[in-house]
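Data first, discussion second: the structure below is written as structure tokens.
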Amino acid sequence: MLKPHILFLENKGYHVTSVSTGEDAIHYCNNQKVDLVLLDEMMTGLDGLTTLKKIKEKHSSLPIIMITKNEEEWLMEEAIAAQITNYLTKPVNPSQILIACKNVLESQQIQSERVAKDYLKSFQKIAENIENAESIDDWYSITNDLTDWFVKFDNLGDQGLGQLLEEQWKEANQQFTRFIETNYENWLHANEKPLMSPQIISSQIKNNLDNNEKVVLILMDGLRSDHLKAMKDQLASLFHIDINYYLSILPTATPYSRNAIFSGYFPRRLQDEYSSIWKKMWQDEKSMNRYEDQFLRDQMNRLGFKSKSVYYHKIISYEEGNKL
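UniProt numbering numbers the first residue of the sequence shown as 1 and each following residue consecutively.
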């Protein structure tokens with residue numbers, strides 16, 4: 001780096017040590033604590049790419065920013081393959097280098113502080129939404145907002161606001177409970193109701209099957225919305241993801257809610273249609289979800305898909321999931 005760049009960074013509070021060769025850079029990294037390397041691609045002795053690879057051999061997690069005049073694609077790909085953190089093309093001004101350094105060394109802190117400020121700004125609006133929620137869609141929106149904040153705090157730190165978010169979530173739960181107590185029984189007898197467990201397959205999957213599309217339904221017991229959102233970033237490169245909400249039946253316990261999804265029936269109807277199975281289910285706690293395969297196949301038949309092949313597999317352990 002040029003002297004003005006070094007002075008600029010030092011004035012911003014960074015401690016900068018400069019070396020002139022690749023060999024010196026490797027030696028320094030091996031013997032001193034280094035937070036970030038700014039590496040010129042053209043140096044005396046070892047070139048920047050070779051220096052990069054040798055530093056990474058011993059310090060794989062050390063962030064390295066390469067600065068070069070060379071804009072050839074092969075060099076960029078080689079640098080990326082060697083786990084470069086960033087790539088700057090000359091000429092670079094001091095502000096560009098500062099931004100690159102901040103992005104590596106301070107982004108977590110900067111983002112964490114911004115998330116905290118943004119949550120405080122939105123706190124009152126969320127509180128008003130909780131107080132004024134009148135429909136299930138209002139509650140889906142509130143759940144989505146609060147879950148987003150939980151995920152952001154988990155990823156970036158809560159700056160001491162985690163307790164405040166927990167209290168707001170508790171208040172939302174209390175108000176939502178009152179909402180369910182007021183409306184749930186009416187929904188059971190209404191023609192228009194929120195999407196609930198028994199309608200999942202008929203409303204969300206039937207159209208795909210009508211179009212002769214292949215469908216994989218993965219039902220994960222106990223998966224919370226914050227779990228899904230945490231997984232979303234890892235899945236985004238493989239799938240196009242849309243997140244929609246539905247309302248579980250009551251009780252939400254597995255024997256009721258899961259059986260309602262597979263059978264397409266509320267518990268009372270399930271008891272009427274499968275009286276002998278229902279008795280077996282309640283005679284042995286381990287049998288509560290033993291008949292999901294049959295329920296699913298029967299529902300598929302009722303929906304007009306007798307000719308469709310159905311494969312059901314229940315995974316009860318991490319090891320079994322890996323084998324599948």
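Cβ atoms here follow ideal geometry from the backbone N, Cα and C, with glycine treated the same way. Predicted model only: the values in this text are computed from it and were never measured.
Reduced DSSP secondary structure (H/G/I, E/B, other) of residue i
| i | result |
| --- | --- |
| Met66 | strand |
| Met196 | strand |
| Thr89 | strand |
| Leu164 | helix |
| Arg269 | helix |
| Gln159 | coil |
| Lys280 | helix |
| His313 | coil |
| Tyr119 | helix |
Whole-angstrom distance between residue j and residue i, CA atom to CA atom
| i | j | result |
| --- | --- | --- |
| Thr89 | Lys232 | 33 Å |
| Arg114 | Ser276 | 59 Å |
| Gln271 | Glu181 | 24 Å |
| Trp74 | Gly48 | 14 Å |
| Gln234 | Lys279 | 43 Å |
| Leu228 | Glu41 | 42 Å |
| Ser95 | Val104 | 14 Å |
| Asn70 | Thr17 | 24 Å |
| Leu2 | His15 | 15 Å |
| Ile80 | Pro63 | 12 Å |
| Ala260 | Ala116 | 40 Å |
| Glu106 | His189 | 56 Å |
| Gln124 | Leu165 | 12 Å |
| Glu10 | Thr68 | 22 Å |
| Tyr87 | Gly222 | 43 Å |
| Glu57 | Leu156 | 29 Å |
| Tyr256 | Phe176 | 21 Å |
| Asp284 | Ser263 | 19 Å |
| Asn93 | Ile65 | 15 Å |
Cβ-based burial, residue i [other Cβ within 10 Å; buried from 16]
| i | result |
| --- | --- |
| Thr51 | buried |
| His5 | buried |
| Leu296 | buried |
| Thr254 | exposed |
| residue 326 | Nothing can be reported for residue 326, as the shown portion of the chain is limited to 1 through 324. |
| Lys152 | buried |
| Val215 | exposed |
Which residues DSSP lists as bridging residue i, in chain order
| i | result |
| --- | --- |
| Leu247 | Met196 |
Please go through the region 13-59 and give each complete alpha helix (DSSP H) segment of 4 or more residues, from N-terminal end onward. 22-31 and 48-58
4-residue-minimum alpha helix (DSSP H) runs that sit fully inside the region 175-241, ordered along the chain: 200-204, 206-210 and 225-235
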